[in-house]
Structures are given as C-alpha cells and as structure tokens.
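All you need for this note's numbering is the position in the sequence shown, starting with 1, plus 16.
Below is one structure, written out as structure tokens; comments come after it.
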Amino acid sequence: MKVGFIGLGNMGGPMAANLAKAGFDVTATDLSIGAVDRAVEAGCRRGESVAATVSDADVVVSMLPAGAHVRSVYTESYGVIANAKAGALFIDSSTIDVDSARDVVSAASEKGFAMVDAPVSGGVAAAAGGSLTFMVGGEAGAFERAKPVLEKMGRNIFHAGAAGNGQVAKIANNMLLGITMIATSEAFNLAEKLGLDAQTFFDISSTASGQSWSMTSYCPAPGPVPGAPSNRDYQPGFAAAMMLKDMRLAQEAAHKAKAATPLGAQAEALYALMESAGKDDLDFSGVMKLIRGDL
Ligand code: NAD
C-alpha cells in the first residue's frame with residue numbers, strides 16, 4: 017500500500033518511519049528539507065511537494081501544527097484534495113480545532129474522498145515506539161480502512177463517532193488532565209505547607225479518593241514517582257506550551273457549544289502564566305512551581 021505522509025516534525029517524523037518499517041511504501045514531505053532528509057534515511061521516499069506526495073497514494077496521513085495548516089494543506093490548489101487519486105483515504109492526526117476538522121472532512125467528502133480525524137495521545141516517545149493512542153472521528157467504513165495503518169503507529173485505536181469527534185475526545189481528555197494536574201499540585205503544596213511530607217501524602221492520597229493519573233503516574237511533587245518529570249526539574253514530557261494549546265482549543269470549543277467549563281478556563285489562565293513567565297518549555301506538571309511561587 018502506498019502512503020503519502022505530510023508533516024515530519026517531532027511526531028510525524030517517527031510516525032512516518034514506523035510506517036516505512038512496517039513495509040508500507042511511504043512518500044514523505046515537509047517544508048523543512050532536513051525533516052525530509054531524516055525521513056528518507058528512515059526508509060521513506062522523498063516527496064518534493066504535497067501534490068507529488070499524494071498523487072499516487074492510497075492513504076494520506078498528515079501531522080501538522082494547527083487548524084490553519086490543515087485547512088491549507090487539504091483545501092488549497094497545491095493540496096491534498098485537488099491532487100489525490102480517486103478513492104484515496106485521508107487521515108489527519110494533527111491536534112486541531114473541531115470546526116476545522118469537520119470543515120476539512122466535509123470538503124474531502126464533497127470531492128468523494130473518505131477522511132478521518134485521528135489525533136493522538138502520547139508524546140514523542142510513544143510516536144517513536146509505535147505506542148500512540150488514536151482517537152478517531154469519521155464514518156465507520158473510513159475508520160475500518162484507517163485502522164490497519166494506525167495500528168502500525170499506535171497501540172490503542174478508538175472510534176469516537178462522527179467526524180470531529182476524535183478532536184472532541186482529545187481536547188476533553190486533555191482539559192481534564194490539565195485541571196487534575198493543577199489540583200494535584202495544589203494539594204501537595206497545601207500538605208507540605210502544613211507539615212506533611214510529599215511521600216507520606218502520596219502514600220495516603222494515592223490509595224484514597226484523591227487518586228488520579230496526575231498523582232500516581234506523573235506526580236508533580238518530586239519524589240514519589242521516580243520516572244515523573246518533577247524528578248528531572250520538569251524537563252518534558254509534555255510541554256506546558258502544548259498543554260496550553262489544547263486548553264485553548266477546549267475553551268474555544270466550549271464557548272461555541274455554550275458548555276460551562278469554569279475550571280477549564282482557570283486552568284488555561286494558569287498555563288498561560290507559565291507562558292508569560294517564559295517557562296512554557298517546562299513540562300506541564302511544572303505548574304507545581306507556579307503554585308509554589310517558584311516561577
Ligand atoms: P512540529 O512542529 O514538530 O511538526 C510539524 C511539522 O509540520 C513541521 O515539521 C512543519 O515544517 C510541518 N509543516 C507545517 N506546514 C506544512 C506544510 N504546509 N507542508 C508540509 N509540512 C508542513 O509539531 P509536532 O510536535 O510534530 O506536533 C504535530 C501535531 O501533533 C500538533 O498538532 C500537536 O499538537 C500534536 N501533538 C503533539 C504531541 C507532542 O508531544 N509533540 C503530542 C500529541 C499531539
């Protein structure tokens with residue numbers, strides 16, 4: 017099967033490499049020549065342009081920064097829809113706003129192409145290890161066609177429903193994660209200020225009702241979870257800048273849907289303070305430093 021891959025950054029580079037390793041005939045392109053060179057070293061063919069990359073592809077996969085890039089790459093005359101061969105399937109794995117995802121799927125469908133939005137959970141390590149989680153929106157038939165490709169880049173593949181629902185699952189999950197990380201940071205800070213050490217509080221709360229993934233897998237207080245970024249001075253991991261991007265997408269969608277998300281709004285404001293402080297390159301659990309007054 018021929019795959020055209022567009023967007024070979026931190027995530028797309030290793031994802032394209034995994035498809036090539038799995039035996040797909042992958043042509044890969046990016047605005048960065050260096051990124052294309054690395055993909056060629058990893059077994060992909062060089063895509064000289066988006067049009068050349070998709071013209072012969074059975075499946076097109078894209079991994080781009082934001083909604084504007086996805087709209088442009090798919091809908092402009094140089095792009096995917098105008099240049100793909102009839103019957104090709106499109107998979108966009110970028111994290112983008114729900115409206116852009118739905119609009120691009122509609123534009124593809126108007127020209128007879130099946131398309132899914134398939135954003136991922138898991139960072140660069142999961143992209144390299146082929147262990148991403150994919151949250152897929154789109155028609156059932158398109159999902160079934162996408163699955164064998166996604167399985168070579170990820171471990172868990174979920175069908176979230178209609179077009180755009182992959183993005184909905186992604187931003188709702190990350191809003192929850194962003195909030196629980198702040199709540200967990202506040203609780204550790206309070207316990208410590210009142211004389212309870214982080215390990216003892218962890219031992220109690222991780223088996224009590226305050227337990228969450230933010231605590232047991234990614235504890236923002238240094239000590240209790242050795243592999244967590246808090247033990248390497250909050251080097252990412254998942255950078256606060258990326259969490260802030262997802263928080264903003266969640267708030268934008270919440271406003272449009274008139275869904276009350278007061279804690280999501282607060283959480284966005286706190287990660288934005290990390291950005292203002294020039295510390296959004298830290299892991300998002302570095303919000304603990306903000307809560308402690310250390311930023
Ligand atoms: P990145 O900035 O490293 O890569 C994006 C790539 O797209 C760049 O190489 C850029 O040159 C390329 N690009 C932009 N416009 C293009 C165009 N018109 N044609 C061809 N190539 C173009 O970003 P990333 O970290 O790989 O993230 C990609 C997506 O995955 C984002 O939507 C991000 O939110 C999401 N995501 C990232 C992570 C992570 O940990 N990095 C985790 C989950 C989801």
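Backbone N, C-alpha and C fix where the C-beta goes; we use that ideal spot for every residue, glycine too.
Review point. Using the rule of at least 16 other Cβ atoms within 10 Å of the residue's Cβ for burial, across every protein chain shown, is Gln-183 buried or exposed?
Key: buried
Review point. Leaving out the 5 sequence neighbours to the left and right, which residues in its chain are closer than 8 Å to Gly-146 when beta-carbon positions are compared?
Key: Asn-34, Lys-168, Met-169, Gly-170, Arg-171
Check your understanding: By the 10 Å Cβ neighbour count, where 16 or more other Cβ atoms means buried, how is Ser-78 classified, buried or exposed?
Key -> buried
Review point. In chain order, what residues of the same chain have a beta carbon less than 8 Å from the beta carbon of Val-86, not counting five sequence neighbours either side?
Key: Ser-78, Leu-80, Asp-108, Ser-110, Ile-112, Ser-116, Ala-117, Val-120
Exercise for review: Quick one: grab the DSSP three-state call for Phe-40.
Suggested key: coil
Exercise for review: Would you check whether the ligand NAD has a heavy atom nearer than 6 Å to the C-beta of Asp-310?
Suggested key: no
**Study point:** Straight-line gap, Arg-161 to Phe-129 (C-alpha atoms, nearest Å)
**Key:** 12 Å
Review point. Among Gly-39, Ala-281, Phe-40, Val-66, which one has its Cα closest to the Cα of Leu-47?
Key: Val-66
Check your understanding: Which first and last residues belong to the beta strand (DSSP E) in which Asn-172 is found?
Key -> 170-177
Exercise for review: Classify Gly-302 as buried or exposed, calling it buried when 16 or more other Cβ atoms lie within 10 Å of its own Cβ.
Suggested key: buried
**Study point:** Own chain partners of Met-27 with C-beta closer than 6 Å, once the 5 adjacent residues on each side are dropped
**Key:** Met-79, Ala-143
Point to revise | Three-way DSSP call (helix, strand, coil) for Met-151 in this model | key: strand
Practice item. Return the bridge partner residues of Met-197 from the DSSP annotation. Key: None; Met-197 has no bridge partner.
Exercise for review: Measure the CB-CB distance between Pro-252 and Asp-299 and report whether it falls below 7 Å.
Suggested key: yes
Point to revise | Rounded C-alpha distance that separates Lys-37 from Ala-44 | key: 14 Å
**Study point:** Check whether Gly-194 and Gly-153 have beta carbons under 7 Å apart
**Key:** no
Review point. Name the DSSP beta bridge partners of Ser-228, please?
Key: According to DSSP, Ser-228 bridges with nothing at all.
Point to revise | Exposed unless 16 or more other CB atoms sit within 10 angstroms - verdict on Tyr-90 | key: buried
Practice item. Assign Val-241 to one of three DSSP states: helix, strand, or coil. Key: coil
Point to revise | Leu-105, DSSP secondary structure in three states | key: strand
Exercise for review: Go ahead and pull the three-state DSSP assignment for Gly-20.
Suggested key: strand
Check your understanding: Under the criterion of a Cβ to heavy atom distance below 6 Å, does Gly-145 qualify as lining the ligand NAD?
Key -> no
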